[in-house]
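Novice:
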């Protein structure tokens, strides 16, 4: 359901259509005691700065236990493993810093949510013998028996 970026794919990250108001998941590599793990930070984009240059950043805000938490992610950092677009919202500002002062209910009420569609997957058609038959081939007595047994 989400748009996903692979590690260090600069051409994809340059053409990525992330806007303010979008809710994203950022998968970031964290090193602890010699081990590397991935931490997911899901939140709304408040600002996108420096366009598509090397120092481009995303400011992402989420609410954790009633407190607002903001993180600034460099877009081209090798520590950012993956970015997923969860949902898209229509906003009328380039920077959403005013959201810092708003309650969660008020934010959700003011944003116009739009669903992000996943790429279409091909669904295999069921293998039914009835799909290949014509109305003349159907035995009406068998249909009547099936209807009686289902009641």
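Residue numbers (this note's numbering): 1 to 151. Heads up, the beta-carbon is just placed ideally off N, CA and C, and yes, glycines get one too.
So, is residue 22 buried or exposed, given that buried needs 16 or more other C-beta atoms within 10 angstroms?
Specialist: Classification of residue 22: buried, given that the 10 Å Cβ count is 16 or more.
Novice: Could you say which of 66, 70, 102 lies nearest to residue 41 if we only look at CA atoms?
Specialist: Checking every option, the nearest Cα to that of residue 41 belongs to 70.
Novice: By Cβ distance below 6 Å, which residues in the same chain neighbour residue 47 in space, the five residues on each side in sequence not counted?
Specialist: For residue 47, where only same-chain residues beyond five positions count, the Cβ hits under 6 Å are 59, 95.
Novice: For the alpha helix (DSSP H) that residue 106 lies in, which residues bound it at each end?
Specialist: Residues 104 to 110.
Novice: I'd like to confirm the pairing. Which residues does DSSP put opposite residue 44 in its beta bridges?
Specialist: Beta-bridge pairing links residue 44 to 23, 61.
Novice: Rounded to whole angstroms, what is the Cα-Cα separation between residue 125 and residue 144?
Specialist: Low local confidence applies: a pLDDT of 49 at residue 125 is under 50, so the model's placement there is unreliable, with the coordinate-based value given in what follows. Taking the straight line joining both Cα atoms gives about 26 Å.
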